[in-house]
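Take a look at the structure set out below.
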Amino acid sequence: MSNPSHCIIVGGSHAGAQAAASLRQEGFAGAITIISSERTLPYHRPPLSKASLCVGACDQDLFIRPSEFYAKQAIEVRTATRVTAIDAQRRSVQCDNGEQLFYSHLILATGADVRRLILPGAELPAVCYLRDREDVLKIRTFIRPGGHAVIIGGGYIGLETAASLRKQGMYVTVIEAQSRILQRVTAAEVSAFYMRVHREEGVEFLLDASIECLNAEGEQTAVQLADGQRLLADLIVVGIGVLPNVELARQLGLDCPNGIAVDEHARTACENVYAVGDCTYHHNPIYNTSLRLESVQNATDQARVAAQDICGKPTAYKVLPWFWSDQYDLKLQIAGLSNGYDRVVLRGDSLQGRSFSAFYFCGARLLAVDAINRPKEFTFTKRFLAEGRSADPSLLADESIDIQNCFTQEASSCH
Ligand code: FAD
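If you read the sequence shown in the working numbering, its first letter stands for residue 866, the second for the next number, and so on.
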């Protein structure tokens, strides 16, 4: 029988945990159950490639909220449990422990899982991925000073991992299939900057590289490249992107172009079923584009929107995306979406030192900023972008002009 007021949240990470907390904040009085395939309470994922990767790191700090929070808010968290099927007619979910639970509202916060390497030797023991705490525990067993780590993929996860492993005395080689690292997400100038800093820190790069196979070689693993090069590794970390977990949504017959399609209230096309976080494909009205985001900001903000809708306070999701990445002493903060840019303006010197900002324009419109060790430029740009204001490229390029004075007073018409 259907529970008149029971919100079931599938997935206990950033989006799931926030959805539960926001439901209570917005006044949801019914039962709330988070069903999480993870073994622990919801935890912060970003540190996994940063501080947590260090042997001996304190894992207790990772929890998003302490256990008392869930008890006090009457939020039940069922860990180590996977939802295997949903019956939308009966409004029930089936769990892998045989249990069936009934919902009045269902929130899919199933996130994303790593894209796996498909080539001979990909299953060898030293081949690791980095998405959850179990992955971190496995990687830590291979970390030893003087050992050689090969990172496959020069995106944020791969580069953060490279920095964390260098800090622990490993030799690191990053293998990237494209002609530059971070190609999908940043301008060439920013890629070149990160490559320079990583090289200064002792990381080696192989670009335009393709791997043929991996072979066990004693205690090590040989990475065989198509151009004949061969690397011996003690640890291999694969960071080649993620795929949204959409199987449950597909079972419901939902449209999943690149993630579960949701509207501005995080509603799916199935009544009383919502989706939030990394698993969603949604419209961003600020950029008039539909996309899937992989960020804590999106996971938490979209979860709030779903909770508001469930509590009868619908608020359309309209938030400027933002993101960060930490590598060595570099704090990168990104505001906005740079997709479709036709011009990049640098503020500061990307060729020397470790601090500058890259502003992305499309025509006269400022789209986004990558601010490296420039929190003030990030903060003001984020605020002004959210207000729909653009900036004068020549003023931005002149560091003697205060960042606040580089922006237009009026919101741009294309906002
Ligand atoms: P996820 O975190 O993917 O969680 C989904 C959860 O649902 C998982 O625990 C999964 O096991 C569970 N699940 C899936 N299917 C089921 C099922 N059927 N039944 C039960 N449970 C299920 N973002 C930033 O903004 N800044 C950063 O610096 C940053 N660094 C990162 C570093 C790493 C190493 C990683 C992996 C991610 C990083 N991210 C960062 C991205 C950020 O962590 C994600 O955007 C965020 O975790 C998304 O939250 P989510 O709840 O939507 O999904």
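No residue lacks a Cβ here, since even glycine has one placed at the ideal position from N, Cα and C.
{"Item": "Residue from 1101, 899, 1230 with nearest C-alpha to residue 1256", "Value": "1230"}
{"Item": "Simplified DSSP state of residue 887, which is helix, strand or coil", "Value": "helix"}
{"Item": "DSSP state of residue 1147 mapped onto helix, strand, coil", "Value": "strand"}
{"Item": "Inside the segment 1030-1097 only - beta strand (DSSP E) runs reaching at least 3 residues", "Value": "1036-1040, 1069-1071, 1076-1082, 1085-1090"}
{"Item": "Residue 937 - DSSP class collapsed to helix/strand/coil", "Value": "helix"}
{"Item": "Near the ligand FAD: residue 1123 beta-carbon under 7 angstroms from a heavy atom", "Value": "no"}
{"Item": "Beta-carbon contacts of residue 1242 that lie in its chain and below 6 angstroms, excluding the five residues immediately before and after", "Value": "1222, 1236, 1268"}
{"Item": "Beta carbon proximity, residue 1183 to chain C, threshold 8 angstroms", "Value": "Any reference to chain C falls outside this structure, which holds one protein chain only."}
{"Item": "Residues bridged to residue 1224 [DSSP beta-bridge criterion]", "Value": "1210, 1234"}
{"Item": "At least 3 beta-carbon pairs within less than 8 angstroms: the segment 897-915 vs the segment 870-881", "Value": "yes"}
{"Item": "Residue 1139 vs residue 971 beta-carbon contact at 8 angstroms", "Value": "yes"}
{"Item": "Cutoff 6 angstroms; reference residue 867; Cβ partners in own chain excluding five residues on either side", "Value": "Note that residue 867 has pLDDT 44, beneath the 50 cutoff, so the model's placement of it is unreliable and no number is given."}
{"Item": "Buried or exposed (CB count within 10 angstroms, at least 16 for buried), residue 870", "Value": "exposed"}
{"Item": "Any non-hydrogen atom of the ligand FAD within 7 angstroms of residue 1243 CB", "Value": "no"}
{"Item": "Check: residue 1186 C-beta below 7 angstroms from any heavy atom of the ligand HEM", "Value": "Within the structure as shown, the ligand HEM is missing, the only ligands being the ligand FAD."}
{"Item": "Complete alpha helix (DSSP H) runs within the segment 917-964 (minimum length 4 residues, chain order)", "Value": "932-937"}
{"Item": "Three-state secondary structure (DSSP) of residue 1268", "Value": "helix"}
{"Item": "Residue 850 beta carbon near the ligand FAD (any heavy atom closer than 7 angstroms)", "Value": "Nothing about residue 850 can be read from this structure; the chain reaches only from 866 to 1280."}
{"Item": "Residue 1157 and residue 1110 closer than 8 angstroms at C-beta", "Value": "no"}
{"Item": "Cβ contact check for the segment 1199-1214 and the segment 917-935: 3 or more pairs under 8 angstroms", "Value": "no"}
{"Item": "Identity of the residues DSSP links to residue 908 by a beta bridge", "Value": "928"}
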